[in-house]
Amino acid sequence: MTAISATTPIPANSTWTVDPVHSTVGFAVKHMVVSTFRGQFDDYSATLTANEDGTLTLEGRVAADSIAVKDENLATHLKAPDFFDTERHPYVTFSSTLVRADNGSLTVDGELTIKGNSRPIEARGVITEPHETFGGVEKVGLELEAVVDRTQYGLDWNAPLPKGGFALANEVKLQINLELAQPEA
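Just so you know, we're using this note's numbering here: the sequence shown kicks off at 742 and counts up by one.
This is the structure we're talking about:
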């Protein structure tokens with residue numbers, strides 16, 4: 742794991758863990774050619790570490806069966822082998838290989854593993870510097886987006902539409918909004 746940070750507002754030798762109440766891990770995909778379908782995962786963890794040399798690393802894990810969509814039948818299909826195959830592949834994981842923060846902008850390179858398929862990924866977004874919140878808790882924020890081809894991760898299901906096109910686009914936008922806090926001593 743390599744991490745480089747040009748200018749980071751995060752103090753060295755600090756670890757930050759996700760506040761799941763105030764964070765979201767979601768996705769968006771073009772559906773039936775005409776709209777964007779959104780969903781999210783309800784069970785996830787993430788850790789941001791600022792190393793002694795000031796470099797940053799980001800690690801995350803999502804319980805694939807915690808997928809949350811508005812239709813129970815769709816949720817069941819998304820957990821099946823056509824999509825996440827949660828029985829055989831219970832987690833989606835991410836591990837950073839390079840983190841670059843500069844004046845609030847953030848670029849995170851890493852390896853995303855879905856359904857046993859690991860691929861390099863680049864996410865872009867913003868990082869907020871530490872800020873004291875209620876009860877004296879220090880928090881930082883990360884907002885990241887990345888676009889992946891779902892078929893490269895074995896999420897191949899699709900259906901042709903009667904007049905052309907497909908039910909689902911292959912490109913999926915991952916949208917990660919994390920509020921992270923330093924663990925209490």
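Ideal Cβ placement from N, Cα and C applies to all residues, glycine included.
Check, Outcome
"Quick one: what's got a C-beta closer than 6 angstroms to D760's C-beta in the same chain, skipping five residues either side?", "E920, A922"
"Measure the alpha-carbon distance for M773 versus L815 and round it to whole angstroms.", "15 angstroms"
"Excluding the 5 residues flanking N911 on each side, which residues of the same chain have their C-beta closer than 7 angstroms to its C-beta?", "D890, R891, T892"
"Determine the direct distance from the alpha carbon of E879 to that of R802, and round the result to whole angstroms.", "23 angstroms"
"If we count the other Cβ atoms within 10 Å of its Cβ and call it buried at 16 or more, is V833 buried or exposed?", "buried"
"Where does the unbroken alpha helix (DSSP H) through A805 begin, and where does it stop?", "No alpha helix (DSSP H) holds A805; DSSP gives it neither H nor E."
"Report the three-state DSSP secondary structure of T892 (helix, strand or coil).", "helix"
"Taking contact to mean at least 3 C-beta pairs separated by less than 8 angstroms, is the segment 822 to 829 in contact with the segment 775 to 794?", "no"
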